[in-house]
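Enquirer: In UniProt numbering, the protein residues as written are 1 to 195. We treat Cβ as the ideally placed atom computed from N, Cα and C, and that holds for glycine. Treat the numbers as computed from the prediction; the structure is a model and nothing was measured.
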Ligand SMILES: [Zn+2]
């Protein structure tokens, strides 16, 4: 088993950035995703939980290549699962998690992540979809559709909403987001008797 950590996008990805803030700074999503991924992986390493960084490159790696890499890892390490880390945009607020359509092990993992997010971010809105009995949203995202292993995608607050942006630019906010991911990974592994 390996936890496959996917930090979405790259330095050359167009869009995927916040509006310019009052102080002239701007958040680029690839940087945020990599920062959270690094914090998560540092903690996994400390706790001897096996992981792989799916995209160590700073450039954007195609979704097809990402899925090929994940599927290779899953082939040699069955039981592996993928966590893709992102920041949201579109003018909303809060936290959400996605899986591919239908019910699978991905939904079990996403549900654990969602429950950890509820505890971790009480001051923020949880953007859940309870219509199918669990709290994740379903999507056709390429990385969720074309991975053979269970796969979830977290959208960690909105780059274009001031309250969210302040939170995800702060070290305190990033620490809480990373810690929440680690807690969820550990809870899932414990449920599988792998920890
Ligand atoms: Zn993204």
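Just to confirm the assignment, what range does the alpha helix (DSSP H) spanning residue 107 have?
Expert: That run of the alpha helix (DSSP H) goes 105-120.
Enquirer: Based on Cα-Cα distance, which residue from 68, 171 and 89 lies nearest to residue 82?
Expert: The shortest Cα separation from residue 82 among 68, 171 and 89 belongs to 68.
Enquirer: Taking the C-alpha atoms as reference points, what is the distance between residue 106 and residue 100?
Expert: Spanning the two alpha carbons is a distance of roughly 8 Å.
Enquirer: Taking just the CA atoms, how far does residue 128 sit from residue 162?
Expert: Near 21 Å, if we compare the C-alpha coordinates of residue 128 and residue 162.
Enquirer: Name all residues in chain order for which at least one heavy atom of ligand 1 lies closer than 5 Å to the residue's CB.
Expert: Residues with a Cβ closer than 5 Å to any heavy atom of ligand 1, in chain order: 8 and 86.
Enquirer: Please state whether DSSP places residue 84 in a helix, a strand or coil.
Expert: Looking at residue 84 - three-state DSSP - the assignment turns out to be strand.
Enquirer: Is it true that the region 30-37 meets the region 171-187, where meeting means three or more beta-carbon pairs spaced less than 8 Å apart?
Expert: Judged by Cβ distances under 8 Å, the region 30-37 makes contact with the region 171-187, as three or more pairs qualify.
Enquirer: For residue 6, tell me which candidate among 157, 97, 56 and 42 has the shortest Cα-Cα distance.
Expert: If we check each option's Cα against that of residue 6, 56 comes out closest.
Enquirer: Considering only the alpha carbon of each residue, which of 111, 136, 170 and 134 lies closest to residue 185?
Expert: Answer by Cα proximity: 111.
Enquirer: Can you tell me whether residue 19 is buried or exposed? The criterion is at least 16 other CB atoms within 10 Å of its CB, across all chains shown.
Expert: Classification for residue 19: exposed.
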